[in-house]
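Numbering (our numbering), first residue to last: 47 to 221.
All C-beta atoms in this analysis are idealised placements derived from N, C-alpha and C, irrespective of residue type, glycine included.
All values derive from a computational prediction rather than experimental measurement.
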């Protein structure tokens with residue numbers, strides 16, 4: 047998306063002005079990142095993104111008028127869609143999964159270390175996904191739990207089917 051000579055253009059979308067200012071300070075301190083706009087909700091975030099054509103949009107989930115998940119989906123429909131990092135206090139699995147389904151390339155919690163936020167912007171600008179370590183661990187647990195659950199369900203179904211077989215059918219099946 048960017049070259050080493052071209053800074054990564056970023057738009058910050060959050061309804062909390064203190065969060066926007068903090069992110070602007072963190073990211074603005076990186077020589078290869080340029081803040082090109084800010085917005086306080088999803089509607090204004092879309093407008094700013096259309097005007098500024100950022101490489102990356104950092105966006106909160108819960109905001110007035112249009113939340114970050116709906117805005118993420120709409121950002122993906124732009125002629126030149128930016129990479130989107132959802133940055134929020136909500137680490138519930140359903141938010142993570144929906145954000146990724148809506149097109150987010152990253153999902154970070156607001157307690158993420160500043161250096162990791164800068165790294166995430168660089169990674170998603172290069173097309174790589176970036177998730178908070180705690181979010182990654184939660185998704186791994188969720189997938190592992192669903193795999194175990196599916197295995198248990200398959201075993202129950204198989205036992206039920208075996209119970210329905212006649213003695214002769216069992217003899218043939220087991221060789």
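Go ahead and label residue i buried or exposed: buried means 16 or more other beta carbons lie within 10 angstroms of its beta carbon, across all protein chains shown.
i	result
residue 213	exposed
residue 55	buried
residue 52	exposed
residue 92	buried
residue 126	exposed
residue 135	exposed
residue 180	exposed
residue 88	buried
residue 33	An answer regarding residue 33 cannot be provided, because it is not within the stretch 47 to 221 covered by the chain.
residue 94	buried
residue 12	Shown here, the chain extends from 47 to 221; a query on residue 12 therefore has no answer.
Relative to the C-alpha of residue i, which candidate in the options has its C-alpha closest?
i	options	result
residue 85	75, 77, 113	113
residue 80	177, 69, 158	69
residue 63	75, 100, 83	83
residue 188	204, 206, 142	142
residue 140	121, 157, 115	115
residue 90	159, 220, 60	60
residue 119	97, 94, 146	146
residue 66	174, 117, 156	156
residue 98	148, 178, 121, 202	121
The alpha helix (DSSP H) with residue i in it runs from where to where?
i	result
residue 133	Per DSSP, residue 133 belongs to no alpha helix (DSSP H); it is in the beta strand (DSSP E), 129 to 134.
residue 72	63 to 74
residue 89	88 to 98
residue 164	160 to 171
residue 51	Per DSSP, residue 51 belongs to no alpha helix (DSSP H) and is neither H nor E.
Alpha carbon to alpha carbon, how far is residue i from residue j?
i	j	result
residue 36	residue 110	In the structure as shown, the chain starts at 47 and stops at 221, and residue 36 therefore has no counterpart that could be examined.
residue 71	residue 161	12 Å
residue 204	residue 210	10 Å
residue 57	residue 100	6 Å
residue 73	residue 163	8 Å
residue 124	residue 176	21 Å
residue 207	residue 159	53 Å
residue 218	residue 186	41 Å
residue 77	residue 178	23 Å
residue 174	residue 75	22 Å
residue 144	residue 202	31 Å
Need the endpoints of the beta strand (DSSP E) that residue i sits in, please.
i	result
residue 150	That residue, residue 150, is in no beta strand (DSSP E); it is neither H nor E in DSSP.
Problem - Stretch-stretch touch, CB-based, cutoff 8 Å, three pairs: the region 121 to 136 with the region 145 to 162 - result: yes
Exercise for the section: Determine, using beta-carbon pairs with one atom in the region 99 to 108 and one in the region 165 to 175, whether at least three such pairs fall under 8 Å. Expected result: yes
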